[in-house]
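Notes to accompany the following structure.
There are 2 protein chains.
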Amino acid sequence: MTASQAFHDWMKTVQSTMEHALASFLPEAGHAPARLHEAMRYAVLDGGKRVRPLLVFAAGDLFEAEAALLARAAAAVEMIHAYSLVHDDMPCMDDDALRRGKPTVHVKYDEATALLVGDALQAQAFLALLQAEGAPPARLLAMLRLLAHASGSVGMCGGQAIDLESVGLTLSLAQLEQMHRLKTGALLRASVLLGAMSGKELASAEVAALDAYSAAIGLAFQVVDDVLDATADSATLGKTAGKDAADNKPTYVSILGLAQSQALAEKLRNDAHHALIPFGDKARRLRELADLIVQRNA
Amino acid sequence: MTASQAFHDWMKTVQSTMEHALASFLPEAGHAPARLHEAMRYAVLDGGKRVRPLLVFAAGDLFEAEAALLARAAAAVEMIHAYSLVHDDMPCMDDDALRRGKPTVHVKYDEATALLVGDALQAQAFLALLQAEGAPPARLLAMLRLLAHASGSVGMCGGQAIDLESVGLTLSLAQLEQMHRLKTGALLRASVLLGAMSGKELASAEVAALDAYSAAIGLAFQVVDDVLDATADSATLGKTAGKDAADNKPTYVSILGLAQSQALAEKLRNDAHHALIPFGDKARRLRELADLIVQRNA
Numbered sequence: 004m005t006a007s008q009a010f011h012d013w014m015k016t017v018q019s020t021m022e023h024a025l026a027s028f029l030p031e032a033g034h035a036p037a038r039l040h041e042a043m044r045y046a047v048l049d050g051g052k053r054v055r056p057l058l059v060f061a062a063g064d065l066f067e068a069e070a071a072l073l074a075r076a077a078a079a080v081e082m083i084h085a086y087s088l089v090h091d092d093m094p095c096m097d098d099d100a101l102r103r104g105k106p107t108v109h110v111k112y113d114e115a116t117a118l119l120v121g122d123a124l125q126a127q128a129f130l131a132l133l134q135a136e137g138a139p140p141a142r143l144l145a146m147l148r149l150l151a152h153a154s155g156s157v158g159m160c161g162g163q164a165i166d167l168e169s170v171g172l173t174l175s176l177a178q179l180e181q182m183h184r185l186k187t188g189a190l191l192r193a194s195v196l197l198g199a200m201s202g203k204e205l206a207s208a209e210v211a212a213l214d215a216y217s218a219a220i221g222l223a224f225q226v227v228d229d230v231l232d233a234t235a236d237s238a239t240l241g242k243t244a245g246k247d248a249a250d251n252k253p254t255y256v257s258i259l260g261l262a263q264s265q266a267l268a269e270k271l272r273n274d275a276h277h278a279l280i281p282f283g284d285k286a287r288r289l290r291e292l293a294d295l296i297v298q299r300n301a
Numbered sequence: 004m005t006a007s008q009a010f011h012d013w014m015k016t017v018q019s020t021m022e023h024a025l026a027s028f029l030p031e032a033g034h035a036p037a038r039l040h041e042a043m044r045y046a047v048l049d050g051g052k053r054v055r056p057l058l059v060f061a062a063g064d065l066f067e068a069e070a071a072l073l074a075r076a077a078a079a080v081e082m083i084h085a086y087s088l089v090h091d092d093m094p095c096m097d098d099d100a101l102r103r104g105k106p107t108v109h110v111k112y113d114e115a116t117a118l119l120v121g122d123a124l125q126a127q128a129f130l131a132l133l134q135a136e137g138a139p140p141a142r143l144l145a146m147l148r149l150l151a152h153a154s155g156s157v158g159m160c161g162g163q164a165i166d167l168e169s170v171g172l173t174l175s176l177a178q179l180e181q182m183h184r185l186k187t188g189a190l191l192r193a194s195v196l197l198g199a200m201s202g203k204e205l206a207s208a209e210v211a212a213l214d215a216y217s218a219a220i221g222l223a224f225q226v227v228d229d230v231l232d233a234t235a236d237s238a239t240l241g242k243t244a245g246k247d248a249a250d251n252k253p254t255y256v257s258i259l260g261l262a263q264s265q266a267l268a269e270k271l272r273n274d275a276h277h278a279l280i281p282f283g284d285k286a287r288r289l290r291e292l293a294d295l296i297v298q299r300n301a
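Residue numbers (our numbering), protein chains in the order written: chain A, 4 to 301; chain B, 4 to 301.
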C-alpha cells in the first residue's frame, strides 16, 4: 500500500467515525422540538470534508490520545464550524442559497429556524466536549477555554466582524491576513491544539510548534479558498463560485494575483512541514493534511 | 431597617456588583474588532433588572458560596440571556425595535452585527464561567454542563423553536406551559442551581427542592409577563407592549383570562415559598425574589 493510499484510507476512517460520532452527539430528529432537531442534523450531518476533525485526529497521533476523547473534541469544533456556516449563509450576512451541494438551512427551512439552529449548535458543541469522559477535569476545562476563545469575539466571530467591515475597502495584505487569522485560522488552530491536548497537557515549546504549523495551514487554507473561488465552478465547490469578486471582497487573488497566490500556498505548505520536524514520524498525518489543504480542488 | 428595605438594598448591591462584573468579563470596547465589542457591551451593560443574577446570588446564600464564583456564574447566565434577546429581536424573529428602553442591537447597529453579537456573547458566556477560579474542576464542569443544557435545543433555544411553531395555533394550557418551561424556565432554573452549586455539590433532595422552586417562579414569571403585556404601556415596560395580542400569540391571558392569570401567579408564589421550607432562613432572598417576580410592574 502506498503512503498516499494509507492516508486516503485513514481519512475515510476518520470521516466515517465522525459521521457516527456527530449523529450520536446530536439530539435525535424525532425528539421535541422535532423541526429544530431535524434542521440541526441537516446542518451538520452528511456534509463537508471534515477538515477540522481530521486535524484533531491527526494531532491526536502526536501523543497517543484516546479515540473517544478525540471524537468529542472533533465534534465540538465541527459543530462550531457548522453553526458559523448556517449563520454566515443567512440573508443578512452572505445570503447564500447553496452549501455543501445542498440548499442552505434558511432556504430549506426558514430564517428564524436557521438562527435558532446556529444558536443551539453552539451550545451543543460545548455540550459535546463537556460530556467527554476520561480526560482529567482540569485539562478538559483548558480545552473548553481554548474552544470558547477560538470561536468568540477574539476568534471566529471577531474575524467575521472584520470581514463585514472590510467589504468594499482596499485591505493591505497584513489586514487581510489578520482577518483570516481570526475568521478561519482560530478554529483550525483550536482543532490542532485540541487534538494534541486530548493526549496530554502541552509544554510551551509544543504549543509554539503547533501554532507555527496552524498559522501556516490556516493561511494556506484561505489562499487556496480564494484561488478556487476564482478558478473553480459551483458544482465542483458545492457552493456558489465567484462570489468574492461579485461581492467586491478583498482576496489573496485580488491583491497578489493568481500566480503569486499559488506560490504563496506552496511556501506555506513548506512552512507547515518545517514546523512539524520536532515531532518526527508521529506528525505524518499532520504533514499529509498540509499537503491536502494546498492541493485540494474543492 | 425593615425587611423590604434590606431586600431592596441587597438587590441594589447585587445589581451594582453585576454591572462591574459584566463590564470586566466583556472585551473592552476599544479592543479590535472595536465595533463588535462595542455592540456586545451595548447589548449587555446598563440594562434589565438582572433577575437571573439575583437568583444566582440568592441561591448562593443557601450554601455560603463565594462571591467571585457567583459573579462569574451570574455573568454567564446573563450573557446567555442577553444574546437570546439580541437574536429574538431580529427581523426574522420578533422584529422588535425597542428593548430595555433602548433601540435594539440590529436597529442601533445592523442585522449582521446583531447576529455576530449574539453568537460572540454565547461563547463569552461560557468563557466567563470557564475562567472561574476556586471551584473544584469537576464541579465547574457540572455547572458548565447545566448551562449548556439549559441554553441549547432542549432548553432555551428549544423553547423558542416551539414558540415559533405555535404562532397562530390554539395551544392547550399544557402546551403553553411546556413552551415556557423551556423558553424562559430552563435558564431561570439554571440560575438557581448554578448559584447553589457555587457553594457545594448538591444532594438530589436539594436539587428536587430547588427544581420545585424554579418551576414555580419560572411559570409565575411568564404569567406575569403576559399580564403586563396585556395591561401595561411600552414606556413602563421598556419594550413594545401589546405585542402578543398583535402577533396573535397564545398567552396565559388569552387562554385563562386576566383574573384567573393573576390568581395563578399568586398560587405559584405560594408554591415557590413552600418549596423553600427545607432551607429555612437561608432561603430568605429566594423567597423575596419570588414575591418580586409576581409583584413587579415591568
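Note that the Cβ used here is the ideal one computed from N, Cα and C, for glycine as well.
Item to check | Cutoff 7 Å; reference ALA2/B; Cβ partners in own chain excluding five residues on either side | outcome: Chain B is shown only over 4 to 301; residue 2/B falls outside these bounds and no answer can be derived.
Checklist entry - In the stretch 5–39 of chain A, which residues sit with their C-beta less than 7 Å from some C-beta in chain B, listed in chain order? => result PRO30, PRO36, ARG38 and LEU39
Next on the checklist: Please list, in chain order, the residues of the stretch 135–168 of chain A that have any C-beta partner in chain B closer than 7 Å.
Outcome noted: PRO140, ALA141, LEU143, LEU144, LEU147, ARG148, ALA151, HIS152, SER154, GLY155, SER156, VAL157, CYS160, GLY161, GLN163, ALA164, ILE165, LEU167 and GLU168
Checklist entry - Do the stretch 277–286 of chain B and the stretch 201–220 of chain B touch if we need at least three Cβ pairs shorter than 8 Å? => result yes
Checklist entry - Can you give the beta carbon distance from GLN18/B to ARG53/B, rounded, assuming they're within the 8 Å contact cut? => result As a first step, residue 18/B must be located in the second sequence, where it is residue number 15. As a first step, residue 53/B must be located in the second sequence, where it is residue number 50. That belief holds up - the Cβ atoms of GLN18/B and ARG53/B are roughly 5 Å apart, short of 8 Å.
Checklist entry - Per DSSP, ARG102/B forms a beta bridge with which residues? => result Numbered from its first residue, the second sequence carries residue 102/B at position 99. Beta-bridge pairing links ARG102/B to LYS105/B.
Item to check | Separation of LEU292/B from MET96/B, as counted between CA atoms | outcome: Numbered from its first residue, the second sequence carries residue 96/B at position 93. Numbered from its first residue, the second sequence carries residue 292/B at position 289. One C-alpha to the other measures close to 30 Å.
Next on the checklist: Assuming the contact rule is C-beta atoms closer than 8 Å, ARG55/A and VAL89/A should be a hit. Round their C-beta distance to whole Å, please.
Outcome noted: Taking the first sequence and counting its residues from 1, the one referred to as residue 55/A is at position 52. Taking the first sequence and counting its residues from 1, the one referred to as residue 89/A is at position 86. Not confirmed; about 16 Å, so no contact.
Checklist entry - Any idea if ASP236/A is buried or exposed, counting beta-carbon neighbours within 10 angstroms, 16 or more meaning buried? => result By one-based count along the first sequence, residue 236/A stands at place 233. Classification for ASP236/A: exposed.
Item to check | Chain-ordered chain A contacts of ALA77/B [CB-CB under 9 Å] | outcome: Residue numbering aside, residue 77/B sits at position 74 when the second sequence is read from its first letter. None at all; the shortest Cβ gap to chain A is about 18 Å.
Checklist entry - Are the stretch 162–181 of chain A and the stretch 36–47 of chain B touching by the rule of at least three beta carbon pairs closer than 8 Å? => result yes
Checklist entry - Can we say the stretch 135–153 of chain B touches the stretch 122–134 of chain A, given the rule of at least three CB pairs closer than 8 Å? => result The stretch 135–153 of chain B vs the stretch 122–134 of chain A: in contact.
Next on the checklist: Quick check: what's the CA-CA separation for LYS105/A versus GLU22/B?
Outcome noted: Here residue 105/A refers to the residue found at position 102 when the first sequence is read from its first residue. Here residue 22/B refers to the residue found at position 19 when the second sequence is read from its first residue. Between LYS105/A and GLU22/B, the C-alpha separation is close to 45 Å.
Checklist entry - Does LEU259/A have its Cβ less than 8 Å from a Cβ in chain B? => result Against the first sequence, residue 259/A aligns to sequence position 256. Not an interface residue.
Item to check | Opening and closing residue of the alpha helix (DSSP H) in which LYS270/A lies | outcome: Counted from its first residue, the first sequence places residue 270/A at position 267. Its alpha helix (DSSP H) spans residues 261–278.
Next on the checklist: Contact criterion: CB-CB distance below 8 Å. Does HIS90/B meet it with respect to chain A?
Outcome noted: For the purposes of this step, residue 90/B is taken as residue 87 along the second sequence, with counting starting at 1. Answer yes: the Cβ-Cβ gap between HIS90/B and chain A drops below 8 Å somewhere.
Item to check | Contacts that LEU119/B makes with chain A (C-beta to C-beta distance below 9 Å) | outcome: Counting from one through the second sequence, the residue named residue 119/B turns up at place 116. Going along chain A in sequence order, the residues near LEU119/B (Cβ under 9 Å) are HIS90, MET96, SER156, CYS160, GLY161, GLN163, ALA164 and LEU167.
Item to check | Three-state class that DSSP yields for CYS160/B in the structure shown | outcome: Your numbering for residue 160/B matches position 157 in the second sequence. Three-state DSSP puts CYS160/B in a helix.
Checklist entry - If we cut at 8 Å on Cβ distances, does ALA71/A have a partner in chain B? => result As a first step, residue 71/A is located in the first sequence; it is residue number 68 there, counting from the start. So no, ALA71/A is outside the interface.
Checklist entry - What residue does the alpha helix (DSSP H) around GLY121/B start on, and which one ends it? => result Against the second sequence, residue 121/B aligns to sequence position 118. Run containing GLY121/B: 114–133, per the alpha helix (DSSP H) assignment.
Item to check | Chain-ordered chain B contacts of LEU133/A [CB-CB under 8 Å] | outcome: Locating residue 133/A in the first sequence gives position 130, where the first residue counts as 1. Correct list: LEU144, LEU147, ARG148 and ALA151.
Checklist entry - Quick one, which of LYS285/B, LEU261/B and GLY198/B has its alpha-carbon nearest LEU72/B's? => result Taking the first residue of the second sequence as position 1, residue 72/B is located at position 69. Looking at the Cα atoms, GLY198/B is the closest of the given residues.
Next on the checklist: Alpha carbons only, please: which of LEU144/A, ALA62/A, THR16/A and ALA32/A is nearest the one belonging to ASP214/A?
Outcome noted: The residue you call residue 214/A lines up with position 211 of the first sequence. Closest option to ASP214/A, Cα to Cα, is ALA62/A.
Item to check | Rounded straight-line distance, which links the Cα of PHE60/A to that of SER86/A | outcome: Residue numbering aside, residue 86/A sits at position 83 when the first sequence is read from its first letter. Residue numbering aside, residue 60/A sits at position 57 when the first sequence is read from its first letter. The residue asked about is misnamed: residue 86/A is Tyr in this sequence, not Ser. Cα to Cα, the separation comes out at about 21 Å.
Checklist entry - Leaving out the 5 sequence neighbours to the left and right, which residues in its chain are closer than 7 Å to GLN265/B when beta-carbon positions are compared? => result On the second sequence, residue 265/B is found 262 positions in, with the first residue counted as 1. For GLN265/B, where only same-chain residues beyond five positions count, the Cβ hits under 7 Å are VAL230.
Item to check | Buried versus exposed call for PRO253/B [16 or more other C-beta atoms within 10 Å across all chains shown] | outcome: Residue numbering aside, residue 253/B sits at position 250 when the second sequence is read from its first letter. Its Cβ being crowded by 16 or more others within 10 Å, PRO253/B is buried.
Item to check | Boundaries of the alpha helix (DSSP H) in which VAL230/A is found, first to last residue | outcome: Against the first sequence, residue 230/A aligns to sequence position 227. Note, VAL230/A: alpha helix (DSSP H), 207–234.
Checklist entry - Got a sec: is the Cβ-Cβ distance from GLU180/B to anything in chain A below 8 Å? => result As a working mapping, residue 180/B is identified with position 177 in the second sequence. So, not an interface residue.
Checklist entry - Going by C-alpha distance, which of ARG290/A, MET82/A, SER257/A and GLN298/A is nearest SER175/A? => result On the first sequence, residue 175/A is found 172 positions in, with the first residue counted as 1. It is SER257/A whose Cα lies nearest to the Cα of SER175/A.
Next on the checklist: With H, G and I counted as helix, E and B as strand and the rest as coil, what does DSSP make of GLY137/B?
Outcome noted: As a position in the second sequence, residue 137/B is number 134, starting the count at 1. Annotated three-state conformation of GLY137/B is coil, per DSSP.
Item to check | Reduced DSSP secondary structure (H/G/I, E/B, other) of ASP92/A | outcome: Indexing the first sequence from 1 puts residue 92/A at position 89. Coil at ASP92/A, not helix or strand.
Checklist entry - At a Cβ threshold of 8 Å, is ASP294/A touching chain B? => result Residue mapping note: residue 294/A aligns to position 291 of the first sequence, counting from 1. No, its Cβ sits nowhere closer than 8 Å to a Cβ of chain B.
Item to check | Neighbour list for ASP64/A in chain B, Cβ cutoff strictly below 7 Å | outcome: Walking along the first sequence from the start, residue 64/A turns up at place 61. Near ASP64/A there are no residues of chain B at all, since even the closest Cβ is about 26 Å away, more than 7 Å.
Next on the checklist: Tell me which residues share the same chain as LEU124/B and place their Cβ nearer than 8 Å to its Cβ, disregarding the 5 neighbours each side in the sequence.
Outcome noted: For this step, residue 124/B is matched to residue 121 along the second sequence. Around LEU124/B: MET43, ALA46, VAL47, MET82, ILE83, ALA85, TYR86 and VAL89.
Next on the checklist: Quick check on GLN225/A: buried or exposed, where buried means 16 or more other Cβ atoms within 10 Å of its Cβ?
Outcome noted: Taking the first sequence and counting its residues from 1, the one referred to as residue 225/A is at position 222. Buried, since its Cβ has 16 or more Cβ neighbours within 10 Å.
Checklist entry - What is the DSSP secondary structure of GLU180/A, reduced to helix, strand or coil? => result Counted from its first residue, the first sequence places residue 180/A at position 177. It is helical.
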